[in-house]
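J.: Sharing a structure below in C-alpha cells format, with a few things to ask.
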Amino acid sequence: MKTQVLLIGGRNKAKSLAISLIHSGYRVTVINETYEDCLKLAETDKLRVINGDGTKPFVLEDAGASDVDIAIAMTSKDEDNLVICELCKKRFHIKKTVALVTDPQKTDFFYKMGIDSVVCAITAITGIIEQQAFIDKMATLVPIREGRVSIAEVPINGNAAVVGKKLWEINLPKEVIIGCILRGDTTMIPRGDTRILAGDMLVLISSDKQEMAAIKELTDEAVIL
Amino acid sequence: MESFAGKIASSDYVVIVGCGRLGANLANTLSENGGNVLVIDKDKEAFRKLSPSFGGLTIVGDATDFDVLGEDAQMGKANVVVAVTNNDNINIIVAQIAHEVFKIRQVIARLYDPDRECVYREFGIDTICPAILSAKEIEKILSKNDGKDFYEEAEK
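So the protein lines, in turn, are chains A and B. Each residue of the first sequence is one higher than the last, beginning at 286 in this note's numbering. Each residue of the second sequence is one higher than the last, beginning at -3 in this note's numbering.
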C-alpha cells in the first residue's frame, strides 16, 4: 500500500509539497480552512482536498487520519500546529508527525511534547542566507537536526593563513573537528600533526553553530608583512 | 467562584491568560480576596473589564511567547496558571508550556470544544468545558423539577 501523507494548513507550501510528494508516489490528503485555498489546491491532480479546521478531531477523522502514516502540520500558527500533531499522535496514533514552527524558541518544547520532527522555517532560512553569504569560501553545508550539527566542505586557498600549519597549531573553536582532508585523489583522516596544504578540501563537523567561526579561521588570508 | 477563591492563599501567585469575561471575573474575585494576580492579554482594551479596585498586575503581550511568560510574567514563580482566552488552541499551548516548561503544578485550561478534552486530561492539565458544565447544570435544574407540576411550583 502507498504511504499516506496528510498535510494540514499552508497554501503555497502545501501545494508545492503535495505535488512533489504525489510525484514521488505518496497518497496525499490536504486539509485547509479557507475555501478559496481549497479550490486552488484542488487543481492539483490526484490530490484529495478537505475543507475544514484541522485542529478539530472530526475533521481529521473525515480526512481518514487513522490510516495516515505521516502527518505534517504547516499552518501559520504555532499553537494550531502543536494541537494538530498531538491529536494525530494521541487520538489517531499516526506514527510520524511533523510540525512547522515560527518561533525558534519553541522548537525544543515541541520535541518535548512528543512531536517527531520540528521544522523551524526561520532557523532554516537564516541558515541558508548565512551559507549563501559565505558561498565563496564554502562548497556545501549540510545541516543535521535543525542545524545543531553541521558538516561543511571548506576549500583551502593557497594564500590562507593556515597553509603549512599543523592541525594542533590552528585555533579552532572547541565544538569543531576536521573530520577528513581530501587531497588530490587521496582521502585522509587527519591527526593533530597533519599539515594543511594549499588546495586541500577539509570536511568540518561542527556543533553549536560554530562552523562560521571555524571557516573564518581556516580561510582567512595570511597577513603579508 | 467563592469557594475557589477561598482556597487560594493570600501568598499565592496566580497567572491568568486571557482577560475576557471569565478571566476578568476570576481576576477581580481573586484580587478582592487578597491573592497576587497577574493577567496577560494581547489586547490592551481587554483590561477595561477589570474592576477599579483590581490590585493585581497586567501585561499586554502574546502569552505563547516564552519571553513574555518567563521574564515579564515571572511564570516560574506562579502557583496556579489559568488559561482562559477565547481560542482553545492557545489555551492548550499555554497550559502545556506552563506545565512542562515552567513546571507549574496547578494548571487549568478552558476548552470550548469537548472533543479535544480527552487528549489533554492525561497531561495533568485540568480542563473545564463550558458546554458540558452548562449541560450538567441544566440537567440538574430539570431533575429538580422532575415530577412536579409547574403550576404547583408557581403557587408556592
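For every residue, glycine included, the Cβ atom is placed at its ideal position computed from N, Cα and C. This structure is a prediction, so every number in the text was calculated from the model and none was measured.
1. Please report whether the beta-carbon of D37 of chain B lies at a distance below 8 Å from any beta-carbon of chain A.
2. What is the DSSP secondary structure of A127 of chain B, reduced to helix, strand or coil?
3. I'd like to know if T123 of chain B contacts chain A, where contact means its C-beta is closer than 8 Å to some C-beta of that chain.
4. How many Å lie between R296 of chain A and I124 of chain B at the Cα?
5. For the putative contact between I93 of chain B and L65 of chain B, defined by C-beta atoms under 8 Å, what is the C-beta separation to the nearest angstrom?
6. Which residue from A:V386, A:L385 and A:I369 puts its Cα closest to that of H378 of chain A?
7. For Q289 of chain A, count the other beta carbons within 10 Å of its own beta carbon; 16 or more makes it buried, fewer makes it exposed. Which is it?
8. To the nearest angstrom, how far is the alpha carbon of A499 of chain A from that of Y311 of chain A?
9. Of the residues that make up the stretch 342 to 370 of chain A, which ones have a beta carbon closer than 8 Å to any beta carbon in chain B?
10. Within the 8 Å Cβ cut-off, does F98 of chain B reach chain A?
11. For A384 of chain A, which residues from the same chain have a beta carbon less than 6 Å from its beta carbon, with the 5 sequence-adjacent residues on both sides left out?
12. Please report the straight-line C-alpha distance between K45 of chain B and A20 of chain B, rounded to a whole angstrom.
13. Within 10 angstroms of its Cβ, does E67 of chain B collect 16 or more other Cβ (buried), or is it exposed?
14. Just tell me which of B:N32, B:P48, B:N141 and B:N85 has its CA closest to the CA of P342 of chain A.
15. Assuming contact is defined by CB atoms lying nearer than 8 Å, are D122 of chain B and I104 of chain B in contact in what I supplied?
16. Touch check for the stretch 344 to 352 of chain A and the stretch 325 to 332 of chain A: three-plus C-beta pairs under 8 Å?
17. What does the alpha-carbon distance come out to for the pair L487 of chain A and G477 of chain A?
18. Just curious, the alpha helix (DSSP H) that C370 of chain A is in, first and last residue?
19. To the nearest angstrom, report how far apart I429 of chain A and V439 of chain A are at their CA atoms.
20. Quick one, which of B:L129, B:V13, B:I88 and B:V77 has its alpha-carbon nearest T54 of chain B's?
21. Is C323 of chain A closer than 8 Å to V313 of chain A when the C-beta atoms are compared?
T.: Based on what the coordinates show:
1. no
2. helix
3. no
4. 34 Å
5. 7 Å
6. A:I369
7. buried
8. 41 Å
9. P342, F343, K362, D363, E364, D365, L367 and V368
10. no
11. A358, N366, C370, F395, I400 and V403
12. 6 Å
13. exposed
14. B:N85
15. yes
16. no
17. 14 Å
18. D363 to K375
19. 17 Å
20. B:V13
21. no
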